Amino acid sequence: MPTADDLKQRIEAALPGAHADVEGPDGVHFQAVVSSPAFAGKSRIEQHRMVMDVFAGELGGAIHALSLKTKPPS
Amino acid sequence: MSEQSDNPIREAIAEAIKDNDVILFMKGNPDAPACGFSARAVAALQATGSPFAAVDVLPDPRIRQELSGISGWPTIPQLFVGGELLGGSDIIVEMYESGELHEALGVEAPAGEAPGEAPVAGEPVAPAQPAPLSIENRLG
Numbered sequence: 085m086p087t088a089d090d091l092k093q094r095i096e097a098a099l100p101g102a103h104a105d106v107e108g109p110d111g112v113h114f115q116a117v118v119s120s121p122a123f124a125g126k127s128r129i130e131q132h133r134m135v136m137d138v139f140a141g142e143l144g145g146a147i148h149a150l151s152l153k154t155k156p157p158s
Numbered sequence: 079m080s081e082q083s084d085n086p087i088r089e090a091i092a093e094a095i096k097d098n099d100v101i102l103f104m105k106g107n108p109d110a111p112a113c114g115f116s117a118r119a120v121a122a123l124q125a126t127g128s129p130f131a132a133v134d135v136l137p138d139p140r141i142r143q144e145l146s147g148i149s150g151w152p153t154i155p156q157l158f159v160g161g162e163l164l165g166g167s168d169i170i171v172e173m174y175e176s177g178e179l180h181e182a183l184g185v186e187a188p189a190g191e192a193p194g195e196a197p198v199a200g201e202p203v204a205p206a207q208p209a210p211l212s213i214e215n216r217l218g
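In the order they appear, the protein sequences are chains A and B.
Residue numbering for the first sequence follows our numbering, beginning at 85 and increasing consecutively.
Residue numbering for the second sequence follows our numbering, beginning at 79 and increasing consecutively.
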């Protein structure tokens with residue numbers, strides 16, 4: 085079962101300069117707030133896709149739900 | 079000569095997206111969402127007052143499968159506006175709260191500031207919406 089920390093590390097490893105805050109106390113429903121310079125100039129849906137692509141094939145499976153908020157770094 | 083189709087469900091979905099300016103693919107229907115994320119999406123949409131079509135993906139797992147094949151988006155709900163995927167529940171709610179959803183749907187945002195907190199799912203906030211569109215399962 086993935087932990088919130090697993091997700092955090094995978095997001096930060098996949099996206100250049102990303103910072104992720106992930107919570108998922110039950111191990112299947114996760115909430116993440118992600119910022120990355122890679123989001124600059126991208127639409128929301130593109131930003132979400134970049135994060136969701138990290139977990140391709142796992143969303144809806146081992147990761148039942150990933151609630152996302154993305155933003156360029158402040 | 080009749081056209082051959084090896085994927086009528088996918089075609090029906092693509093057609094529904096093309097034919098409906100605002101269409102939400104969800105679990106359950108707007109009157110009885112079967113998942114919290116779908117409920118949030120419906121509540122935000124209804125609060126804008128914009129009419130929308132809805133498709134329940136639950137009756138046949140192939141609907142969800144083909145939808146994600148078309149959109150490249152893995153989760154439900156999915157909102158399409160003008161034939162393009164706008165987003166899932168997080169994006170819908172975030173855009174609602176900032177007023178961008180009204181803009182995307184071409185409806186008047188409430189006067190003054192952004193609408194703020196999204197309405198609580200389950201509370202009726204708008205008049206009855208059009209009946210959910212159901213996709214016929216033509217594969218039998």
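Here a beta-carbon is modelled for each residue, glycine too, at the ideal position from N, C-alpha and C.
Small disclaimer: the values here were computed from a predicted structure and weren't measured.
query = Taking the C-alpha atoms as reference points, what is the distance between B/P202 and B/A187?
reply = Stepping through the second sequence from its first residue, residue 202 of chain B is reached at position 124. Stepping through the second sequence from its first residue, residue 187 of chain B is reached at position 109. At B/P202, the pLDDT of 46 sits below 50, so the modelled position is not reliable and the matter cannot be decided from this model.
inquiry  = Applying the 10 Å Cβ sphere with the 16-neighbour rule, what's the burial state of A/K92?
reply    = In the first sequence, counting from the first residue as 1, residue 92 of chain A sits at position 8. With a threshold of 16 other beta carbon atoms within 10 Å, A/K92 meets it and is buried.
query = In terms of residues, what are the limits of the alpha helix (DSSP H) holding B/D84?
reply = For this step, residue 84 of chain B is matched to residue 6 along the second sequence. It is not in any alpha helix (DSSP H) - B/D84 carries neither H nor E in the DSSP assignment.
request  = Spatial neighbours of A/H132 within its chain, please: CB distance less than 8 Å, with the 5 preceding and 5 following residues excluded, ordered by chain position.
outcome  = Within the first sequence, numbered from 1, the residue matching residue 132 of chain A stands at position 48. Cβ within range, chain order: L152, T154.
message = Determine whether the beta carbon atoms of A/A140 and A/G108 lie at a separation below 8 Å.
response = To locate residue 140 of chain A, count along the first sequence from 1; it is residue 56. To locate residue 108 of chain A, count along the first sequence from 1; it is residue 24. Cβ distance not < 8 Å, so A/A140 and A/G108 don't count as in contact.
key: Amino acids of chain A, ordered along the chain, whose beta-carbon sits closer than 8 Å to that of B/G165   = Counted from its first residue, the second sequence places residue 165 of chain B at position 87. Listed along chain A, the residues sitting closer than 8 Å to B/G165 by beta-carbon distance are R128, I129, H132.
request  = Check whether the stretch 133-147 of chain B touches the stretch 162-174 of chain B, counting contact only when three or more Cβ pairs, one atom from each stretch, lie closer than 8 Å.
outcome  = In the pairwise beta carbon analysis, the stretch 133-147 of chain B is classified as not touching the stretch 162-174 of chain B: fewer than three pairs are separated by under 8 Å.
task = With 8 Å as the C-beta to C-beta threshold (strictly closer), list the residues of the stretch 134-156 of chain B near chain A in chain order.
result = Here the close residues are G150, W151, P152, T153.
ask   = Under the rule that 16 or more other beta-carbon atoms within 10 Å means buried, what is B/V185, buried or exposed?
value = Along the second sequence, read from residue 1 onward, the residue named residue 185 of chain B stands at position 107. Per the 10 Å Cβ criterion, exposed.
key: Of the residues B/A92, B/Q124, B/F115, the one placed nearest B/L179, counting alpha carbons only   = On the second sequence, residue 179 of chain B is found 101 positions in, with the first residue counted as 1. If we check each option's Cα against that of B/L179, B/Q124 comes out closest.
request  = Could you name the residues of chain A that B/E172 contacts, counting a contact when the two beta carbons are closer than 8 Å?
outcome  = The residue given as residue 172 of chain B occupies position 94 in the second sequence. Residues of chain A with a Cβ closer than 8 Å to the Cβ of B/E172 are, in chain order, R128, K153.
query = Which residues does DSSP pair with A/E96 in a beta bridge?
reply = Working through the first sequence from its first residue, we reach residue 96 of chain A at position 12. In DSSP, A/E96 forms no bridge with anything.
ask   = Counting pairs of Cβ atoms below 8 Å between the stretch 95-111 of chain A and the stretch 121-138 of chain A, do you hit three or more?
value = Contact holds: three or more Cβ-Cβ distances are below 8 Å.
inquiry  = I need the boundaries of the beta strand (DSSP E) containing B/H180, first residue and last residue.
reply    = Taking the second sequence and counting its residues from 1, the one referred to as residue 180 of chain B is at position 102. It is not in any beta strand (DSSP E) - B/H180 instead sits in the alpha helix (DSSP H) that spans 178-183.
inquiry  = Let me confirm a value: A/M85 is counted as buried when at least 16 other C-beta atoms fall within 10 Å, else exposed. Which label applies?
reply    = Residue mapping note: residue 85 of chain A aligns to position 1 of the first sequence, counting from 1. It is exposed - the Cβ of A/M85 has fewer than 16 other Cβ atoms within 10 Å.
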